[in-house]
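Data block below; observations after.
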Amino acid sequence: MSQNKIEAPKKVVVATAAAQQGDNIAHALAGAGGGILSMILTYPLITLSTRAQVESKRAHSTTADAIRRIVQREGFSGLYSGLESALFGISVTNFVYYYWYEWTRSAFEKAAIKAGRASKKLTTVESMIAGAIAGSATVLITNPIWVVNTRMTARKSDQEDPTLSSTSAKRASTINTLLDLLRIEGPKALFAGVFPALVLVINPILQYTIFEQLKNVVERRRRMTPKDAFYLGALGIGPKVTQSAITAAFLFAFKDVLYDMMISVRKRGKISR
Numbered sequence: 001m002s003q004n005k006i007e008a009p010k011k012v013v014v015a016t017a018a019a020q021q022g023d024n025i026a027h028a029l030a031g032a033g034g035g036i037l038s039m040i041l042t043y044p045l046i047t048l049s050t051r052a053q054v055e056s057k058r059a060h061s062t063t064a065d066a067i068r069r070i071v072q073r074e075g076f077s078g079l080y081s082g083l084e085s086a087l088f089g090i091s092v093t094n095f096v097y098y099y100w101y102e103w104t105r106s107a108f109e110k111a112a113i114k115a116g117r118a119s120k121k122l123t124t125v126e127s128m129i130a131g132a133i134a135g136s137a138t139v140l141i142t143n144p145i146w147v148v149n150t151r152m153t154a155r156k157s158d159q160e161d162p163t164l165s166s167t168s169a170k171r172a173s174t175i176n177t178l179l180d181l182l183r184i185e186g187p188k189a190l191f192a193g194v195f196p197a198l199v200l201v202i203n204p205i206l207q208y209t210i211f212e213q214l215k216n217v218v219e220r221r222r223r224m225t226p227k228d229a230f231y232l233g234a235l236g237i238g239p240k241v242t243q244s245a246i247t248a249a250f251l252f253a254f255k256d257v258l259y260d261m262m263i264s265v266r267k268r269g270k271i272s273r
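Per the UniProt record's numbering, the sequence shown runs over residues 1 to 273.
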């Protein structure tokens with residue numbers, strides 16, 4: 001009897017931890033999915049903005065003329081050139097970021113409950129700390145991916161240069177690039193540029209802190225909707241350029257929708273059992 005009493009709290013703790021882990025993963029998957037959908041929608045705008053600036057400088061023409069030339073020359077499919085690598089990058093980055101942000105947030109919420117605080121919502125300082133932890137974890141975990149990706153891109157450029165030997169074409173796979181990098185330069189090469197990237201973590205910290213605090217204001221009055229998330233996401237990127245604001249707005253809106261969908265599916269699964 002006493003053994004059962006001891007085991008019961010342990011089961012509750014395990015179940016709670018498993019539920020929290022599942023929720024963290026749901027947020028991470030929703031963030032990755034939201035990033036993919038927002039990138040697909042806004043990628044032509046990003047492509048046009050970036051390339052038009054370069055072409056307008058070269059041809060000494062206006063941005064509008066440069067955009068017209070790009071569309072005439074490559075068609076609308078050209079606006080999605082390089083989309084695959086962008087989708088891979090944003091999905092991995094967002095998954096890691098949102099997983100660690102929610103993990104940190106849950107830790108702060110548990111501490112708030114234990115301290116008997118009136119609200120378990122994150123304060124501005126807690127939001128910034130959570131953003132710093134999530135951003136730093138994202139940089140450290142994904143930096144090796146971007147280093148390998150950059151080396152592969154450099155190899156591709158070498159292969160397209162007719163003056164260079166084609167022997168490297170046989171070894172341009174991701175695994176071979178990684179193995180070559182480790183053999184020649186060592187594990188430290190995978191973290192090249194990590195310190196500047198850690199400094200730049202301040203951008204998502206400010207971005208997500210502003211969003212979270214605005215979200216708290218809305219939730220005090222009513223339930224947050226995807227439309228609210230869209231507008232708050234755009235407001236949270238005020239200092240940034242227009243296409244970044246639109247991308248972020250779609251990201252926050254899609255993330256909330258996907259998260260709600262996953263929670264609904266999970267609840268239906270429990271009821272059917």
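All residues carry an ideal CB built from backbone N, CA and C; glycine is no exception.
Whole-angstrom distance between residue j and residue i, CA atom to CA atom
i, j, result
"I90", "G33", "9 Å"
"L214", "I202", "18 Å"
"G269", "L87", "30 Å"
"residue 318", "P196", "Because residue 318 is not part of the residues shown, which for the chain are 1 to 273, the question remains open."
"A115", "N216", "20 Å"
"Y43", "T93", "17 Å"
"T167", "S49", "Confidence is the limiting factor: at T167 the pLDDT is only 46, short of 50, which leaves the residue's position unreliable, though a coordinate-based value still follows. For T167 and S49, the distance between alpha carbons rounds to 36 Å."
"T225", "D256", "8 Å"
Cβ-based burial, residue i [other Cβ within 10 Å; buried from 16]
i, result
"R105", "buried"
"T124", "exposed"
"Q72", "exposed"
"G75", "exposed"
Coil, strand or helix - residue i by DSSP
i, result
"T123", "coil"
"A115", "coil"
"T104", "helix"
"V201", "coil"
"T225", "coil"
"G35", "helix"
"S77", "helix"
Endpoints, alpha helix (DSSP H) assigned at residue i
i, result
"L182", "T174 to E185"
Other residues of its chain near residue i: CB distance less than 8 Å, five sequence neighbours each side excluded
i, result
"L29", "F95, L258 and M262"
"L83", "M39, I40 and Y43"
"P239", "Per-residue confidence for P239 stands at a pLDDT of 41, beneath the threshold of 50, marking its modelled position as unreliable; the derived number appears in the next sentence. Within the same chain, P239 has no close Cβ partners at all."
"R266", "G22 and A26"
Cutoff 6 Å; reference residue i; Cβ partners in own chain excluding five residues on either side
i, result
"E109", "K120"
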